Each structure stands twice: as structure tokens, then as C-alpha cells.
Amino acid sequence: MEIIDSRTGAGALMLLFISAAKMAQAAANLAQIVDWVRKAIPRVHVLMSFDTLEYLRRGGCIGKAQALLGSLLKVNPVVGVRDGATFPIARPRNRAQAMDFLVDFVRGFSRVEAVAVEDATTPNDLQALAQRLKDMVPPEHIYRSKVSPVVGTHVGPHVLAVAVLEAE
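Sequence positions in the sequence shown follow my numbering and run 360 to 527.
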């Protein structure tokens, strides 16, 4: 048994796990799989978008002034996850622009091995996002999931996330 801290989100973990499981099915040994996972972690990239800063305020991640400003401006923040921390990426003004940003994020990679798309309570948005990605990534390499309850608590029920595993 080996424990590896990927310091990333659940969608990225899913991509790493699926690839590791395929390696195990192909008779790779534990050392080979561990080595591959450790080398793959820097090639996994995560972005998520949500529709309000209110849940971040409630969780103590941002102040009341930031949440109020975000509400007044009607931003749909996009954040990244890297090394166990989130960081701001963009502030699209509506849900459609936020989804465009996630699609453009995936399009920005020259070679994609797999993609995970996640939602909390918006399966129609998740389906629309997956549909838009199918021209960039074969449908059998697009995995769908729900964000973890912890993530949902901090970003709210309308989160959309995308994780990309870059090909070597």
C-alpha cells in the first residue's frame, strides 16, 4: 500500500485513479503505478466556477465586503486548485461566460488524456459542459462526477468544475 497526497481536488483524483487502475489491469506493479502517479500530479489542472461569493463568506474564506462587491457586480468567480490551495483565476460576469472560460481552459491544452467535469446540483449545466468538450476530448475520456460535500459547502450548489489530465 502507498499513500500519495495529490494536493488537488476530487475530479483530478478521479483522473489519476482511473489511469492507475488501468495500469494495474495491464499488470503494472505498485512501484510503477506510484511512480506514474507522482509524475502525473503536476499534469492535472483544476478550475471551478460558482455563482456567488456568499458561501465563501459564510465559511470565513473571504470578508463581507468582498462578498457584497461580488454580489453587486454579479460575478461568477473562477478559481484554480494547485498544491492544496485555491487561487482566483477570473471573474466572468455571468454563468455563460464562466462556462465559456472553462471550455477555453480545456481548449488551451495541446494534448489531453482525460477530463473530469463535476457539478453539485446542476446536472443540465454539467451535461452542456461535457457536450461542449466532446470535440476536444473523446467522449469516453470525459468523466462526470459530483463535487465533494466539503467543496459544495464552500462554493455553493451551483458549482461547475473541470479537471484536465494533460497527456505526456
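Even for Gly, the Cβ is constructed at its ideal location relative to N, Cα and C.
Since the structure is predicted, the reported quantities are computational estimates derived from the model, not experimental observations.
Query, Result
"Since residue 450 and residue 524 are thought to touch, with beta carbons under 8 Å apart, how far apart are those beta carbons, to the nearest angstrom?", "At roughly 26 Å, the Cβ-Cβ gap does not stay under 8 Å, so residue 450 and residue 524 are not in contact."
"Taking 8 Å as the cut-off, does the region 470-484 touch the region 438-453 (at least 3 CB pairs, one atom from each stretch)?", "no"
"Under 9 Å, do residue 518 and residue 479 count as touching if we go by C-beta distance?", "yes"
"In angstroms with no decimal places, state the Cα-to-Cα distance between residue 428 and residue 516.", "Confidence is the limiting factor: at residue 428 the pLDDT is only 48, short of 50, which leaves the residue's position unreliable, though a coordinate-based value still follows. Answer to the nearest angstrom: the Cα atoms are 20 Å apart."
"Three-state secondary structure (DSSP) at residue 361?", "coil"
"Spell out the partners DSSP gives residue 407 in its beta bridges.", "438 and 520"
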